[in-house]
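Note sheet for the following structure.
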Amino acid sequence: MSEDQPLSAVSPVLHELRAGTHTRHVALEKRLPFFSNTLDLERYTRLLSAYYGFYHELEERLQHSPWMTHDFDLQARLKTPALRRDLQALGVSIQSLALCETLPALHSPACVLGVLYVLEGATLGGNVLRKQMSQRLGLEGHNGCAFLYVYGEATGRQWKAFLEFLGSVPLDAQARDQAVQAASSTFSCFEHWLERQEVLL
Ligand code: HEM
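Mapped onto my numbering, the consecutive letters of the sequence shown carry residue numbers 1336 to 1536.
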């Protein structure tokens, strides 16, 4: 996780989100099979199908949440369209995919922020993952690897803009706590879902 910003540039909520989710990130990263010798095209396709079942449902909820702020351009940041393109390129029939029902609760604007932190942060490992998938499986943006590098060269800019947005939202200690709980719950719901889909190591 990024340590390269001076402490003064890190908003209190970002600091708490990082501290509150670091362990979960490390644990999930270890269980994802992107770097495993056992990963082949079939397993990658099942993994991405499981991602779809989670992202599709969570992004639907965000789109319909009354707590979703208009200051954040959710439409421009949806990841499900890239997943759909990848799965189509890989020959998956999307209609038949299982969808996740156990999702983080979105009962306040702070919860929405916590979820967005995880979904936006998850793009940061994308460059290394897509290089790996290119070398191992010959996948690029057009044939099954658009999701992993969804913002392409704009990844850093997009993250910076998200952090500015996050830092601009006034949050008291209780709201910050809600954001951390929601972020933490996003990681655990995702991990449980991937586990149930039998795609983790
Ligand atoms: C094997 C898979 C993964 C790898 C290799 C990976 C790698 C990384 C790396 C290198 C960063 C830091 C980037 C930087 O400092 O510029 C990062 C940040 C982050 N990742 Fe992952 N990641 C993986 C999976 C995930 C998943 C599945 C999620 C959540 C669904 C996630 C959520 C986050 C978040 C929220 C951050 C932001 C941390 C911060 O505040 O700086 N990552 N990841």
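Cβ coordinates follow ideal geometry from the N, Cα and C atoms, glycine included. In this text, all values refer to a predicted model and were calculated from it rather than measured experimentally.
Test item: CB-CB of residue i and residue j under 8 angstroms
{"i": "E1540", "j": "L1413", "result": "Given that the chain is displayed from residue 1336 to residue 1536, the structure contains no residue 1540 and the question cannot be resolved."}
{"i": "L1451", "j": "F1407", "result": "yes"}
{"i": "W1528", "j": "A1385", "result": "yes"}
{"i": "T1397", "j": "F1482", "result": "It is worth fixing the name first, because residue 1397 is Leu in this sequence and not Thr. The answer is no: Cβ separation not under 8 angstroms."}
{"i": "F1497", "j": "E1455", "result": "yes"}
{"i": "G1449", "j": "L1349", "result": "no"}
{"i": "L1501", "j": "S1400", "result": "no"}
{"i": "Y1387", "j": "L1409", "result": "no"}
{"i": "H1391", "j": "T1415", "result": "yes"}
{"i": "P1459", "j": "T1490", "result": "In the sequence under discussion, the amino acid at residue 1459 is Leu, which differs from the Pro named in the question. Result yes, Cβ atoms of L1459 and T1490 sit closer than 8 angstroms."}
Beta-carbon contacts of residue i that lie in its chain and below 8 angstroms, excluding the five residues immediately before and after
{"i": "C1446", "result": "W1402, P1439, A1440, Q1513, A1514, Q1516, A1517"}
{"i": "I1429", "result": "Y1387, R1419, L1422, Q1423"}
{"i": "L1464", "result": "F1369, L1483, Y1484"}
{"i": "K1466", "result": "none"}
{"i": "D1507", "result": "none"}
Buried/exposed call for residue i, threshold 16 Cβ in 10 Å
{"i": "E1364", "result": "exposed"}
{"i": "V1534", "result": "buried"}
{"i": "T1380", "result": "buried"}
{"i": "L1434", "result": "exposed"}
{"i": "S1520", "result": "buried"}
{"i": "E1338", "result": "Only weak support exists for where E1338 lies, its pLDDT of 48 falling under 50; the value from the coordinates is given anyway. With fewer than 16 other Cβ atoms within 10 Å, it is exposed."}
{"i": "L1418", "result": "buried"}
{"i": "T1356", "result": "buried"}
{"i": "A1457", "result": "buried"}
{"i": "V1361", "result": "exposed"}
{"i": "R1492", "result": "exposed"}
Own chain residues within Cβ distance below 7 angstroms of residue i, not counting five before or after
{"i": "L1374", "result": "P1368, R1471"}
{"i": "G1476", "result": "Y1484"}
{"i": "P1505", "result": "none"}
{"i": "G1547", "result": "Outside the shown range of the chain (1336 to 1536) lies residue 1547, about which nothing can therefore be said."}
Contact set for residue i: own chain, Cβ-Cβ below 6 angstroms, skip 5 residues either direction
{"i": "C1524", "result": "T1437, L1438, P1439"}
Of the residues the options, the one placed nearest residue i, counting alpha carbons only
{"i": "G1426", "options": "G1487, G1479, H1360", "result": "G1479"}
{"i": "R1366", "options": "R1531, A1508, E1526", "result": "E1526"}
{"i": "S1371", "options": "A1510, M1468, Q1509, L1501", "result": "M1468"}
{"i": "Q1509", "options": "G1461, P1444, R1420", "result": "P1444"}
{"i": "R1359", "options": "Q1532, K1466, R1531, V1453", "result": "V1453"}
{"i": "A1354", "options": "R1511, D1507, A1411", "result": "R1511"}
{"i": "L1376", "options": "R1531, L1474, S1503", "result": "L1474"}
{"i": "T1404", "options": "E1530, R1531, R1378, S1503", "result": "S1503"}
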